[in-house]
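Notes for the one structure printed next.
Protein chains: 2
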Amino acid sequence: MTSRRLAQFVVQSRWEEVPEAARHEARRSLLNVVGTALGGSGDAASRRAAATLAPFSGPAEATVIGRRERVDCLTAAFLNALAGNVFDFDDTHPETIIHPSAPVAPALFAWAERVPMTGARLLHAFVLGVEVECRLGNALSPYHYQRGWHITSTCGVFGAAAAVGHVLGLDEERMLWALGNASAQSSGLVETLGTMAKSIGVGQSARGGLLAALLARDGVEGPERPLEGPRGFLTVTGRDPDLARVTDGLGTDWEMPKNNCKPYPCGVVLNSVIDACLDLRAVRPLAPDAIRSITVSGHPLLRERADRPAVATGREAQVSAQHAVAVALLDGRAGVAEFSDARVGATDVLALRAKVEVRDAPGIPVEGARLEVVLASGETIVQEVAAARGSAARPLSDAELEAKFRALAAHGCPGFDPEPLIAALWAIEGAADAAQVIRLAAHG
Amino acid sequence: MTSRRLAQFVVQSRWEEVPEAARHEARRSLLNVVGTALGGSGDAASRRAAATLAPFSGPAEATVIGRRERVDCLTAAFLNALAGNVFDFDDTHPETIIHPSAPVAPALFAWAERVPMTGARLLHAFVLGVEVECRLGNALSPYHYQRGWHITSTCGVFGAAAAVGHVLGLDEERMLWALGNASAQSSGLVETLGTMAKSIGVGQSARGGLLAALLARDGVEGPERPLEGPRGFLTVTGRDPDLARVTDGLGTDWEMPKNNCKPYPCGVVLNSVIDACLDLRAVRPLAPDAIRSITVSGHPLLRERADRPAVATGREAQVSAQHAVAVALLDGRAGVAEFSDARVGATDVLALRAKVEVRDAPGIPVEGARLEVVLASGETIVQEVAAARGSAARPLSDAELEAKFRALAAHGCPGFDPEPLIAALWAIEGAADAAQVIRLAAHG
Chain A
1 MTSRRLAQFV
11 VQSRWEEVPE
21 AARHEARRSL
31 LNVVGTALGG
41 SGDAASRRAA
51 ATLAPFSGPA
61 EATVIGRRER
71 VDCLTAAFLN
81 ALAGNVFDFD
91 DTHPETIIHP
101 SAPVAPALFA
111 WAERVPMTGA
121 RLLHAFVLGV
131 EVECRLGNAL
141 SPYHYQRGWH
151 ITSTCGVFGA
161 AAAVGHVLGL
171 DEERMLWALG
181 NASAQSSGLV
191 ETLGTMAKSI
201 GVGQSARGGL
211 LAALLARDGV
221 EGPERPLEGP
231 RGFLTVTGRD
241 PDLARVTDGL
251 GTDWEMPKNN
261 CKPYPCGVVL
271 NSVIDACLDL
281 RAVRPLAPDA
291 IRSITVSGHP
301 LLRERADRPA
311 VATGREAQVS
321 AQHAVAVALL
331 DGRAGVAEFS
341 DARVGATDVL
351 ALRAKVEVRD
361 APGIPVEGAR
371 LEVVLASGET
381 IVQEVAAARG
391 SAARPLSDAE
401 LEAKFRALAA
411 HGCPGFDPEP
421 LIAALWAIEG
431 AADAAQVIRL
441 AAHG
Chain B
445 MTSRRLAQFV
455 VQSRWEEVPE
465 AARHEARRSL
475 LNVVGTALGG
485 SGDAASRRAA
495 ATLAPFSGPA
505 EATVIGRRER
515 VDCLTAAFLN
525 ALAGNVFDFD
535 DTHPETIIHP
545 SAPVAPALFA
555 WAERVPMTGA
565 RLLHAFVLGV
575 EVECRLGNAL
585 SPYHYQRGWH
595 ITSTCGVFGA
605 AAAVGHVLGL
615 DEERMLWALG
625 NASAQSSGLV
635 ETLGTMAKSI
645 GVGQSARGGL
655 LAALLARDGV
665 EGPERPLEGP
675 RGFLTVTGRD
685 PDLARVTDGL
695 GTDWEMPKNN
705 CKPYPCGVVL
715 NSVIDACLDL
725 RAVRPLAPDA
735 IRSITVSGHP
745 LLRERADRPA
755 VATGREAQVS
765 AQHAVAVALL
775 DGRAGVAEFS
785 DARVGATDVL
795 ALRAKVEVRD
805 APGIPVEGAR
815 LEVVLASGET
825 IVQEVAAARG
835 SAARPLSDAE
845 LEAKFRALAA
855 HGCPGFDPEP
865 LIAALWAIEG
875 AADAAQVIRL
885 AAHG
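Chains A and B, in that order, give the protein sequences.
Start counting the first sequence at 1; every next residue gets the next number (our numbering).
Start counting the second sequence at 445; every next residue gets the next number (our numbering).
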C-alpha cells in the first residue's frame with residue numbers, strides 16, 4: 001500500500017498543516033533554484049538543448065529562465081530543470097544527495113503559466129513534490145546511487161508528478177496513476193555525470209513528471225503499486241528498499257526543512273573539502289611549489305562521487321575533489337569561474353591537482369572532511385571541517401542566499417536586474433498569480 | 445570500447461552490405477507496425493495521450509497514424525510508438541521479447557516528414573536501430589526483464605537514437621553522444637504492463653531516442669562509455685551483461701531477420717498457448733461445462749509473464765494465459781475483439797478462465813506450449829505445440845501479414861482504405877520520399 005498511501009497523503013494534504021519551517025525552506029529553495037537556473041541559462045548545455053527543442057515547441061506560453069523566448073510548458077519544464085541543475089549548484093537533500101528543486105519547481109512554474117495558481121498553491125505543491133522524491137530517495141539510499149542511478153532524475157520525476165498532480169486536484173486514484181506514469185519514465189545514470197547528458201536526464205525528470213500528472217488527469221491509467229510492486233520502481237532500482245521510509249511520519253516529519261543550499265557550484269560532497277582548503281589558506285597561505293602532496297579524507301561517498309584525478313571540462317571538474325582542492329588553494333575562491341573549462345585547463349591547476357589523493361575515512365560524516373598537506377619541507381598540516389558551509393549545521397543565511405543569487409544572475413545573465421525577482425520569490429506565498437513571479441526571470 | 449564500437453558500426457554501415465533477408469524482414473516489420481498502429485490508434489490509451497499532448501505540440505509537421513491531426517515530430521514519434529505497441533501485437537525479437545519496431549520506426553517516420561529522406565535510407569536506419577536495441581537486449585537477457593525492466597522501452601530508446609543518428613549522418617563521436625543522451629532517458633518498468641502506463645514508457649522511448657540524436661547533432665555531449673561504463677546502462681540494469689553480444693559479428697550476424705510478427709494481439713509467450721487451444725478446438729470442440737480443469741505448461745517465461753488469473757481489462761488480458769485459453773476455446777479466435785474489455789468481463793470467459801492453471805515445464809522451448817484438459821468425465825486430453833504460428837519456425841506469410849494489416853485497419857480505422865498504404869510499405873525501398881509513405885496512414 002506504499003504507493004496508495006503516498007498518493008493519499010499528497011491528495012489530502014492541507015496548506016495549513018505544513019509547518020513554517022518547511023514553508024521557509026521552500027521559499028529559500030525556490031530562490032536558490034531560480035538563481036542557479038539564471039546562472040546556468042548561458043551554459044553550453046542549456047543553449048544547445050534550447051536550440052534542439054525550439055523547432056518542436058508548441059505555444060509560447062512559458063518562461064525559459066534567463067532567456068527571452070517563450071516555449072510550451074513541457075519544454076519549459078525541461079529547460080528550466082536542466083539550467084537549474086547544470087552546475088550542481090542547486091539545493092541538496094543531504095541524506096540522499098537528491099537535488100530536490102530542479103525537477104519539481106520548473107514543472108510547477110511552467111504549469112502556472114498555463115493555468116493560473118496562487119503562489120501559496122505553488123509553494124504547497126512544491127513542498128509535497130519534494131517530500132515525495134526525498135522519501136523515495138530515503139527508501140532507496142545508499143544502494144540506488146551506488147548502483148549507478150542518478151537519484152535526482154530517477155526520484156525527481158515522481159516529485160514533479162506528485163506536485164503537479166496536487167495542483168491539478170487529482171483524486172487518489174489518479175494520483176496513483178500519475179505515480180505510475182512517472183514510473184514509466186524514471187531514468188538517469190551516474191555514468192552521465194560530468195557530461196551534458198546528465199542534464200538531459202534532469203530535464204526529462206521535470207518534463208516527464210509534469211506529463212505524468214497531465215496524462216493521469218486525462219485518464220491514462222497506471223498500475224496499483226508502481227513503487228512497491230514486484231517489478232515497481234523501488235523494487236527494481238533498490239535493494240531491500242525500506243518502504244517504511246516512504247510512509248512513516250507523513251505529515252509530521254517533513255523532508256523540506258532538511259534541504260540545504262550550497263555555497264559552491266560542485267558536488268555537495270566537495271563543500272567541506274573546499275571549506276577546509278579555504279580555512280587553511282586563510283590561516284596559512286602556501287606557495288604551490290611548497291606542497292608535496294595532499295590527501296583528502298572523508299565519508300566513502302566523497303571518494304565514490306568525486307575521486308576524479310583527470311578532468312578536462314568545467315562540468316567534469318564539478319565532481320572532482322582534485323580540481324576543487326587545487327582551485328580553492330590557488331584562488332581562494334570556488335565560484336562558477338573556478339569551475340570553468342578555462343580554469344580546468346590552466347597549468348597551475350593541473351600541477352597542483354596531480355598532488356591530490358582521495359581516501360575513505362569511514363569515521364568522518366558526509367558533511368565533514370579532513371585535509372592533510374605534506375610540504376616539501378616534510379612538515380604535515382592537517383585541517384578538518386566537521387560540517388561544511390551550507391550543511392544543516394551551518395546553513396547559508398537568507399542574506400548569503402541573496403548574494404549567491406546576485407552572483408549567479410550576473411554570471412549567467414549580464415545586465416539582468418535581479419532585485420524584483422528576489423523580492424517576488426521571497427513574497428511568493430502571498431502572490432495572487434505565481435506566473436507573474438517566474439516571468440520576472442525572463443531575460444534578453 | 446563497447447559503446448564506441450557500436451557507434452562506429454552504425455556510422456560506417458553501408459546499405460549495400462545489408463543482406464536481403466534483413467531488408468525483407470525490415471519491410472515486413474514496418475508493414476506490421478504501421479498496421480498495429482492503425483489498429484491501436486483508436487484505443488483509449490492512444491486517444492487520451494493524444495489529447496494530453498495536443499495542446500503542447502509544435503508545428504503540424506508529422507502524421508499521427510490513424511488520425512487526421514498532425515503534430516510536431518517528437519510528439520508524433522511518441523504517439524505512433526504508443527499506438528504501434530499498445531496491443532502488444534507488433535513484431536517481436538524472440539530471444540529478448542523486445543518489440544523492436546515500435547520505438548524505432550515512428551522516430552524515423554516522424555523525422556522523414558521534417559527532413560526528406562528516401563525510403564532506402566529510412567529502411568537502412570531502421571535495420572541499424574533494430575540491430576542496436578536487440579544486441580543490447582541480448583547482452584542483458586534474461587536478467588534484465590526478470591528484474592523488472594520493460595526491455596522494449598529501455599533498449600528501444602537506444603535503437604531509436606542510433607537509427608536517427610544514422611540518418612543525421614552523425615560522426616562517431618556524436619553517435620556516441622546520441623547513445624549517452626539515450627542512456628539518460630532509458631526507462632520502463634514491467635510493473636506497468638497490463639496498464640496504459642506501459643505505453644507511456646514505449647512512447648517516451650521513441651521520442652527520447654529521436655531527441656537524443658538531435659541533441660547529439662547539436663553538440664550535447666555524453667560520456668565515453670554510456671553502455672559498459674561502471675555506472676552505464678548495461679552495468680546498472682544488467683547482471684554480468686555479456687558485452688560480446690553487443691559487438692561480436694556486427695555486420696555479419698544480423699538481428700533483423702530473427703524478428704517475428706505475431707498472429708495474436710497479446711504477449712508473445714501466449715501464441716503457442718492459443719495455437720494449442722485452437723488446434724484442440726478444431727479437432728474436438730468441448731462444451732465449457734464438460735471441462736473440469738486446464739493446465740497450461742511451458743517455458744518459465746510463460747508463467748513469469750502471463751500467469752494472471754484475475755484480470756479486469758482487455759489490456760491486462762493481453763498478458764493473461766487464463767484469459768487467452770478461455771477465449772480461444774470459447775470463441776475459436778483470438779483477435780482484437782477477444783481481448784476487448786467487454787469480452788474480459790463476459791460470464792462465460794470468467795467461468796472458464798477460473799479453471800486454468802499455469803505451470804513451468806522447463807523442457808518446453810519458449811516457442812512451445814502444452815495444454816492438458818481434464819474433463820468432468822475424468823478423461824484427460826493433451827495438446828502440444830512445438831512452435832507457435834508467428835515463430836521463426838512458422839513465420840506468417842507475407843499474405844497473412846497483409847490480412848492482419850487489413851483486419852487491424854478495419855478495427856482501428858473503420859472506413860480507411862488500407863491498400864495504397866500496404867502497396868507503399870512493400871515498395872518503400874524504392875520510394876524517393878519516405879514521408880509520402882507514412883502520410884498515407886493519416887485517417888479521419
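Don't be surprised by glycine CBs; every beta carbon is placed ideally from N, CA and C.
Query	Result
Please list, in chain order, all residues of the same chain as Phe9 (chain A) whose beta carbon is under 6 Å from its beta carbon, the five residues on each side excluded.	Leu250
DSSP has Ile294 (chain A) in a bridge; who is on the other side?	A:Val356 and A:Val373
Any chance the CB of Arg303 (chain A) is under 8 Å from a heavy atom of the ligand MG?	In the structure on display, the ligand MG does not appear, and there are no ligands present to speak of.
Is there contact here, the region 461–473 of chain B with the region 610–622 of chain B, by at least three beta-carbon pairs under 8 Å?	no
Nearest chain B C-beta to Leu74 (chain A) closer than 9 Å, yes or no?	yes
Just reading off the beta strand (DSSP E) that Val601 (chain B) is part of, what are its end residues?	Taken as a continuous stretch (DSSP letters only), Val601 (chain B) belongs to no beta strand (DSSP E), being part of the alpha helix (DSSP H) at Ile595 to Leu612.
For a contact meaning CB atoms closer than 8 Å, what does Lys198 (chain A) contact in chain B?	Ala628
Shorter than 9 Å from the beta carbon of Gln204 (chain A) to some beta carbon of chain B?	yes
So which residues of chain A does Asn625 (chain B) contact, with C-beta pairs closer than 7 Å?	Ala197 and Ile200
Mark Gln204 (chain A) as exposed unless 16 or more other C-beta atoms lie within 10 angstroms of its C-beta, in which case mark it buried.	buried
Please name the residue in B:Val826, B:Ser841 and B:Gln827 whose C-alpha comes closest to that of Arg833 (chain B).	B:Ser841
What are the boundary residues of the beta strand (DSSP E) that includes Thr562 (chain B)?	Run containing Thr562 (chain B): none; DSSP gives neither H nor E here.
DSSP three-state call for Asn625 (chain B): helix, strand or coil?	helix
Once you ignore the five residues that flank Phe109 (chain A) on each side, which residues in its own chain have a CB closer than 6 Å to its CB?	Ile438
Using the beta-carbon count (16 or more within 10 Å), is Ala606 (chain B) buried or exposed?	buried
Give me the DSSP bridge partner(s) of His93 (chain A).	A:Ile98
With DSSP collapsed to three states, give me the class of Arg245 (chain A).	helix
Going by other Cβ atoms of all chains shown within 10 Å of its Cβ, with 16 needed for buried, is Tyr708 (chain B) buried or exposed?	buried
Nearest-angstrom Cα distance between Met700 (chain B) and Ala470 (chain B)?	7 Å
Where do the ends of the alpha helix (DSSP H) carrying Thr681 (chain B) lie?	Phe677 to Thr681
What are the boundary residues of the beta strand (DSSP E) that Thr824 (chain B) is part of?	Thr824 to Val829
With distances taken from CA atoms, which of A:Pro100, A:Ala112 and A:Gly148 is nearest Cys134 (chain A)?	A:Pro100
Identify, in the order they occur along the chain, each residue of the same chain with its Cβ nearer than 8 Å to the Cβ of Asp279 (chain A), setting aside the five sequence neighbours on each side.	Gln383 and Val385
Run through DSSP, which three-state label would Thr639 (chain B) get?	coil
Could you tell me the boundaries of the alpha helix (DSSP H) in which Pro744 (chain B) lies?	Pro744 to Ala750
Assuming contact is defined by CB atoms lying nearer than 9 Å, are Ser478 (chain B) and Gly528 (chain B) in contact in what I supplied?	In the sequence under discussion, the amino acid at residue 478 (chain B) is Val, which differs from the Ser named in the question. Yes, the pair counts as a contact, with Cβ atoms nearer than the cut-off.
Look at the alpha carbon of Ala212 (chain A) and the alpha carbon of Glu69 (chain A), and state the distance between them as a whole number of angstroms.	25 Å
Return the CA-CA distance between Val508 (chain B) and Gly600 (chain B), expressed in angstroms with no decimal places.	20 Å
Is DSSP giving Asn259 (chain A) helix, strand or coil here?	coil
Just to make sure I have the definition right: I need the residues of chain B whose C-beta is within less than 7 Å of the C-beta of Ala139 (chain A). Which are they?	Those within 7 Å of Ala139 (chain A) in chain B number zero; the least Cβ separation is about 16 Å.
For Val11 (chain A), I'd like the list of residues in its chain whose CB is within less than 6 Å of its CB, leaving aside the five on either flank, ordered along the chain.	Glu172 and Met175
Figure out for me which residue from B:Ala867, B:Val788, B:Asn476 and B:Ile808 has the closest Cα to the Cα of Thr536 (chain B).	B:Asn476
Of all the options A:Leu330, A:Val344, A:Ala342 and A:Gly194, which has the alpha carbon lying nearest to the alpha carbon of Arg284 (chain A)?	A:Leu330
Note down, in chain order, every chain A residue with its Cβ under 8 Å from the Cβ of Arg669 (chain B).	Glu191
Taking Gly238 (chain A) as the reference, which of A:Gly137, A:Glu400 and A:Gln185 has the closest Cα?	A:Gly137
Among the candidates A:Gln318, A:Ser183 and A:Ser46, whose CA atom is the shortest distance from the CA of Ala334 (chain A)?	A:Gln318
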